[in-house]
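K.L.:
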Amino acid sequence: MAFIDSLLQKCSSFSHIKQLQAYLLTTGHSQIPAHRTKLIEFCSISPIGNLDYARDIFLRVKTPSTNEWNAIIRGLARSNEPNKAIVCYQAMSRHQLRRDALTCSFVLKACSRVLALLEAKQIHSQLVRFGFRADVLLQTTLLDVYAKTGDLDNAKSLFDEMSLKDIATWNALIAGFAQGSRPRDALNLFEIMRLEGLKPNEITVLGALSACSQLGAITEGKRVHAYVQEECLDGNVQVCNVLIDMYSKCGNVEKACDVFDSMRCSKSLVSWNTMIMGLAMHGHGIHAVELFKKMGISGVRPDGATYLSVLCACNHAGLVEDGLRLFKSMAGSGVAPSIKHFGTVVDLFGRAGKLDEAYEFISSMPIIPDVVLWQTLLGASKTYGNVEMAERASRALVEMGSNTCGDFVLLSNVYAAQERWDDVGRVRDAMISRDVRKVPGFSFIEIDGVTHKFVNWDQSHSNWKEIYRKLDEIFSKIRVYGYVAETSYVLHDIGEEDKENALYYHSEKLAIAYGLICTIDGSPIQVIKNLRICGDCHVVIKIISKIYDREISVRDRARFHRFKDGFCSCGDYW
DNA sequence: CTAGGGTTAG
Numbered sequence: 001m002a003f004i005d006s007l008l009q010k011c012s013s014f015s016h017i018k019q020l021q022a023y024l025l026t027t028g029h030s031q032i033p034a035h036r037t038k039l040i041e042f043c044s045i046s047p048i049g050n051l052d053y054a055r056d057i058f059l060r061v062k063t064p065s066t067n068e069w070n071a072i073i074r075g076l077a078r079s080n081e082p083n084k085a086i087v088c089y090q091a092m093s094r095h096q097l098r099r100d101a102l103t104c105s106f107v108l109k110a111c112s113r114v115l116a117l118l119e120a121k122q123i124h125s126q127l128v129r130f131g132f133r134a135d136v137l138l139q140t141t142l143l144d145v146y147a148k149t150g151d152l153d154n155a156k157s158l159f160d161e162m163s164l165k166d167i168a169t170w171n172a173l174i175a176g177f178a179q180g181s182r183p184r185d186a187l188n189l190f191e192i193m194r195l196e197g198l199k200p201n202e203i204t205v206l207g208a209l210s211a212c213s214q215l216g217a218i219t220e221g222k223r224v225h226a227y228v229q230e231e232c233l234d235g236n237v238q239v240c241n242v243l244i245d246m247y248s249k250c251g252n253v254e255k256a257c258d259v260f261d262s263m264r265c266s267k268s269l270v271s272w273n274t275m276i277m278g279l280a281m282h283g284h285g286i287h288a289v290e291l292f293k294k295m296g297i298s299g300v301r302p303d304g305a306t307y308l309s310v311l312c313a314c315n316h317a318g319l320v321e322d323g324l325r326l327f328k329s330m331a332g333s334g335v336a337p338s339i340k341h342f343g344t345v346v347d348l349f350g351r352a353g354k355l356d357e358a359y360e361f362i363s364s365m366p367i368i369p370d371v372v373l374w375q376t377l378l379g380a381s382k383t384y385g386n387v388e389m390a391e392r393a394s395r396a397l398v399e400m401g402s403n404t405c406g407d408f409v410l411l412s413n414v415y416a417a418q419e420r421w422d423d424v425g426r427v428r429d430a431m432i433s434r435d436v437r438k439v440p441g442f443s444f445i446e447i448d449g450v451t452h453k454f455v456n457w458d459q460s461h462s463n464w465k466e467i468y469r470k471l472d473e474i475f476s477k478i479r480v481y482g483y484v485a486e487t488s489y490v491l492h493d494i495g496e497e498d499k500e501n502a503l504y505y506h507s508e509k510l511a512i513a514y515g516l517i518c519t520i521d522g523s524p525i526q527v528i529k530n531l532r533i534c535g536d537c538h539v540v541i542k543i544i545s546k547i548y549d550r551e552i553s554v555r556d557r558a559r560f561h562r563f564k565d566g567f568c569s570c571g572d573y574w
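With the first letter of the first sequence counted as 1, position 253 gets the number 253 in full-length UniProt numbering; the numbers rise by one all the way through.
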């Protein structure tokens, strides 16, 4: 090993580096370019180094070498101002200095961190000119930039063009698909990878399992889990954590607990947080609070996400006292509450019908309330039919310039429930004049490995007529059980019969009807919805679970609802 | 003079 390397290795603090520099200066060694480069690199990259100091040395060099530029760009790329790496790279280009594969690699890393797609494309064209196309590592970096900046099509075509790929290349694209809302593509690629005889590693399965979580694809999730066990990848904490998340989000929180309890590696903070969040999603509040206590006993310090998870669990289970107690305990454990934590408290009060307390709490907060907070209060006002509070929350939302469809719908529903049609009309006019954004609601169900997606009033499915007939059958049966459509959930001022029709064909009902048609009597049905479940659907699904004797689980935006024998696991409290 | 760079959960 070179002389300078052995000395740098012995440095364990920044002052050691300075001592070394002084030594080099007094002995004349600092004039050796290789030494200078090493020193800059070490200062720029090492955790005990100092990027500003590296830059000071660098700026004093008259004609820095490519390696020295690289060291600075690399340091900047991983600093909290990665855009400076791009600026530095541009300066280097102006100096007409030779850039090598590493220069490109580091600056591309910076591009991915600041989502600079345009700059990445420029560098892409440059590295084609430089002749770095055969470099697998560099191509993979480039692929990753495209994926992270959301240009998945470019990432995919780069992947297809690469004659040489290694496991990291596959991983980059699988992870890219998984994180870029294309989980189905991620899973397909994972399958192709196995068909081609490649061996997915722990990083690959992280992407694949995350894709399963998003899709609620339990069958495929179990298959990947089996692979993880075959290859002994479950000694990795991250893999275990993503397995816990996958089972939770696929509706099997018991299996998530099994994975959590039987981990042979030591649990990380994320393990605890994921498990608590999983319990929260399933409404297992007491269990979540117990786990939170256990976590403290085991010596893992909670962070902001831990509190968010356990507060969320209290919310979903209606544990108002526990939630408030936990929120108050945050200060003592040194975790500063963020706006999201304040939000859960508003939710806690709101769900319990304590609207005045919720309002008081918002008014006394040390930070400015955000849109989500007022939406929470508005939602609670809707649930409890409190017109005055709903108006207060809506006013705040309008002042903040909210143009989210849901806000208007909620207020409109509050009026509709009181049959105040003039006010409903006023809200509708406001919606039209403000060009509000509508987030389309959709639900999906997986049948024999094929995902079927439905929107409200969907007639695009090849079997739509059969599905609608099934729904008509359902409605005629459930009427016998005293079902009356909860028409207050409908926005428009229309006749009662039309109102019922508007509810009949909600996406979650269509998906469940399709599930009833396509699956064997008595087998469970699982549906995933992108928004919160509608109140009328909630009532209807409860009755379906009883008269068709099916266990139905619906994962909505926030949590699971498990319907069985006419009851829902959320206890109608959500 | 050499090597160094890529994929990673809540």
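All residues carry an ideal CB built from backbone N, CA and C; glycine is no exception.
(1) According to DSSP, simplified to helix, strand and coil, what is Lys-529?
(2) Measure the C-alpha to C-alpha separation of Phe-14 and Ala-313 and round it to an integer number of angstroms.
(3) Could you tell me which uninterrupted alpha helix (DSSP H) segments, each at least 4 residues in length, are contained entirely in the stretch 233-306, listed from first to last along the chain?
(4) Thinking just about the alpha-carbon of each residue, which of Gly-150, Arg-184, Leu-142 and Ala-305 is nearest to the one in Lys-165?
(5) For Val-424, which beta-bridge partners are listed by DSSP?
(6) Would you kindly work out how many angstroms separate the C-alpha atoms of Ile-72 and Met-92, rounded to a whole number?
(7) Using the rule of at least 16 other Cβ atoms within 10 Å of the residue's Cβ for burial, across every protein chain shown, is Pro-366 buried or exposed?
(8) Under three-state DSSP, which class holds Lys-62?
(9) Within a Cβ cutoff of 7 angstroms, which residues of the same chain sit near Asn-50, ignoring the five residues on either side of it in sequence?
(10) Mapping DSSP to helix, strand and coil, what is Val-554?
(11) What residue range is occupied by the uninterrupted alpha helix (DSSP H) comprising Arg-184?
(12) Between which two residues does the alpha helix (DSSP H) containing Arg-562 stretch?
(13) Determine the direct distance from the alpha carbon of Tyr-23 to that of Ile-48, and round the result to whole angstroms.
(14) Per DSSP, what are the beta-bridge partners of Cys-212 in this structure?
(15) Label Asn-386 either buried or exposed according to how many other C-beta atoms from any shown protein chain fall within 10 Å of its C-beta, with 16 as the threshold for buried.
(16) So, are the CB atoms of Gly-343 and Leu-373 less than 9 angstroms apart?
(17) Quick one: grab the DSSP three-state call for His-95.
(18) CB Ile-286 to CB Leu-319, shorter than 9 angstroms?
(19) How about Val-205 and Val-253: are their beta carbons less than 9 angstroms apart?
(20) Would Lys-382 and Leu-411 be called neighbours here (beta carbons separated by less than 9 angstroms)?
(21) Quick check on Met-312: does DSSP put it in helix, strand or coil?
(22) What is the rounded straight-line gap between the Cα of Leu-8 and the Cα of Thr-66?
(23) Considering just the uninterrupted stretch of the alpha helix (DSSP H) at His-506, what are its terminal residues?
(24) Which same chain residues end up closer than 6 angstroms to Lys-109 when comparing Cβ atoms and leaving out the 5 residues on each side of it in sequence?
(25) Within 10 angstroms of its Cβ, does Thr-140 collect 16 or more other Cβ (buried), or is it exposed?
(26) Do you know how far the Cα of Trp-457 is from the Cα of Arg-395?
(27) Would Glu-446 and Ala-178 be called neighbours here (beta carbons separated by less than 9 angstroms)?
(28) Taking all protein chains shown into account, decide if Gly-290 is buried (16 or more other Cβ within 10 angstroms of its Cβ) or exposed.
(29) Just confirm the distance between the C-beta atoms of Ile-478 and Ile-547, as a whole number of angstroms; I'd bet it's less than 8 angstroms.
(30) I'd like to know whether the C-beta atoms of Asn-530 and Arg-562 end up nearer to each other than 9 angstroms.
(31) Identify which residue in Gln-214, Ile-167, Met-162 and Ser-163 has its Cα closest to the Cα of Leu-187.
(32) Beta carbon of Ala-155, beta carbon of Ala-147: below 9 angstroms?
(33) Tell me, please, which residues DSSP counts as bridged to Ile-445.
(34) Provide the residue(s) that pair with Phe-132 in DSSP beta bridges, ordered along the chain.
(35) According to DSSP, simplified to helix, strand and coil, what is residue 575?
P.N.:
Looking at the coordinates:
(1) strand
(2) 45 angstroms
(3) 237-249, 253-261, 269-281 and 285-297
(4) Leu-142
(5) Paired residues: none, contrary to the question.
(6) 11 angstroms
(7) exposed
(8) coil
(9) Phe-14 and Cys-43
(10) strand
(11) 183-195
(12) No alpha helix (DSSP H) contains Arg-562, which is instead part of the beta strand (DSSP E) from 560-564.
(13) 18 angstroms
(14) None, per the DSSP bridge assignment.
(15) buried
(16) yes
(17) coil
(18) yes
(19) no
(20) yes
(21) Sequence inspection shows Cys at residue 312; the Met mentioned does not correspond to that position. Here Cys-312 sits in helix by DSSP.
(22) 21 angstroms
(23) First-last for His-506: undefined, no H or E at that position.
(24) Ala-77
(25) buried
(26) 32 angstroms
(27) no
(28) The sequence given here places Glu at residue 290; Gly does not occur at that position. Exposed.
(29) 7 angstroms
(30) no
(31) Gln-214
(32) yes
(33) His-452 and Val-527
(34) Bridge partners of Phe-132: none, in fact.
(35) The structure shown does not extend to residue 575, since the chain is modelled only from 1 to 574, so the question has no answer here.
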